[in-house]
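In the UniProt record's numbering, the protein residues as written are 1 to 520.
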């Protein structure tokens, strides 16, 4: 094991950002130049493996590139153990990079947990190493809490918090594609998890959808990162040295999401970030260009996958996507091996796309919207489809059958005799002040109450509208209403004109038409 791995238990502090060349770095490391990432072909620089990578790892008891959720045997009995005297195994969940994963419950409180088992007799036990990494990462956001680690009989046991489904499961639920909004929200959280892991001086080396899970309970919108069995320390606190860049390395991790250099060289922080970029492309398209490649052996398959990754240009790989995806992958591939990535810049790329298209992070993912839609619009019984599946279709044409099905849907569960009688009664009795039927009565025969109207309230509003011709939602008070104040001013003005006219106009005396001559 390398020096960086030997000092795993000692170096638990935060790994601060180091410059490209540390003062304690040797002159040979300072003068070492790294080969750039191949753009056209990887066959010239990639070594020719001489043995099967997967078989070698299985023989030595080391982790392979298996999926996190495997299909375990349903007939295999559960181990008859009680973990730490607290947890009882319930069912098998799947298989990780090494060991098996089980669902368990607490004997005292009934809480659900995840239990990972590993045979203690394996040649290279790795669960203890993963438990130490979980101990270093404890307290980080999106890192499951480790409740216990120990030995139970013939097994090494680690107890973790039980999480929700993986992002691969959610992708299958959403028809193998995510919306751009969901991808951008996931990208921000995934980059935060990877940055925290790098801050602790580890690289994951197995970035894939099965290693990112959604939480449970109040953490349903939070992304968790798991399975650190392939993680490696890239910086030693004791020696203050970054691991060296070396080639002639075998692939560690999953070939589908591994970086171009991971097929033949040592992996660093840039390789994790490049794998995140492939992960986001996979979420959008549902597959990657190098999926489905076949070969006589897995070694040849990995070679062809590496050649395909190196030959596909980044602009072709990101065609149809925002420019920020191209900039992200370009930055990751051009990043030097020992240089610290600019995580803020990478996250800001996707935040810029999000701000240009959406308002804020509401954490409403595609699967949440789909579940809400299914709850709002439950699936109706399709009589035609049921009859077709049972093979009992008669000689009626499709048009007649559709008409019959539609008619049955309208009548089934919607006709209510009591409601019809009430509706007819309201038709006969409900009239407005002019003796006409209310205008809310539509062509379909629904009354205003069934349409959400209140007859008494509407009539009162109509009478009030005659007094005050304002908006429907206007609440008038005579003392403050502008309409009534204007009417009062007009009345006062008319009254004042009448009073002024009565002052200037003198009334003629009432007398007869003929007057007697004076002197009589």
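The beta carbon of each residue, even a glycine, is placed where N, CA and C say it ideally should be.
Contacting residues, own chain, Cβ-Cβ under 6 angstroms from residue i (five flanking each side not counted)
i	result
residue 329	277 and 314
residue 108	none
residue 148	84 and 159
residue 176	286
residue 360	none
residue 178	283 and 366
residue 325	318
residue 140	196
residue 391	Low local confidence applies: a pLDDT of 48 at residue 391 is under 50, so the model's placement there is unreliable, with the coordinate-based value given in what follows. So the list is empty, once near-sequence residues are dropped.
residue 170	367
DSSP beta-bridge partners of residue i
i	result
residue 158	116 and 149
residue 236	241
residue 105	88 and 112
residue 94	101
residue 252	In DSSP, residue 252 forms no bridge with anything.
residue 131	According to DSSP, residue 131 bridges with nothing at all.
residue 213	166 and 224
residue 202	233
residue 265	247
residue 82	88
Rounded Cβ spacing between residue i and residue j (contact assumed at less than 8 angstroms)
i	j	result
residue 150	residue 84	6 angstroms
residue 86	residue 106	6 angstroms
residue 201	residue 235	4 angstroms
residue 117	residue 134	No, residue 117 and residue 134 are not in contact; Cβ-Cβ is about 15 angstroms, not under 8 angstroms.
residue 279	residue 209	7 angstroms
residue 274	residue 246	Going by Cβ atoms, the distance from residue 274 to residue 246 rounds to 18 angstroms, so no, they are not a contact pair.
residue 270	residue 231	Not confirmed; about 16 angstroms, so no contact.
residue 207	residue 144	That pair is no contact at about 17 angstroms.
Neighbourhood of residue i by C-beta, 7 angstroms cutoff - its chain only, sequence neighbours within 5 removed
i	result
residue 120	151, 154, 155 and 156
residue 443	Because the pLDDT at residue 443 is just 45, under 50, the model does not fix this residue reliably, and the point stays unresolved.
residue 82	88
residue 174	366, 367 and 370
residue 187	280 and 350
residue 128	156
residue 184	350, 353 and 354
residue 358	181
8 angstroms Cβ cutoff, residue i in contact with chain B
i	result
residue 232	Reference to chain B is not applicable here, since this structure consists of a single protein chain.
Neighbourhood of residue i by C-beta distance below 8 angstroms, restricted to the same chain and skipping five residues each side
i	result
residue 220	164 and 214
residue 189	142, 222 and 223
residue 293	301, 304, 305 and 308
Assess, as a yes-or-no matter, whether the region 238-250 is touched by the region 284-297 under the definition of 3 or more beta carbon pairs within less than 8 angstroms.
-> no
*Pick out the complete alpha helix (DSSP H) segments inside the region 316-372, 4 residues or longer, and give them in chain order.*
323-334 and 343-357
| request: Determine contact between the region 157-164 and the region 206-218, defined as no fewer than three beta-carbon pairs at a distance below 8 angstroms. | output: yes
Exercise for review: Count the C-beta pairs between the region 245-257 and the region 193-200 that are closer than 8 angstroms, then say yes if the count reaches three, no if not.
Suggested key: no
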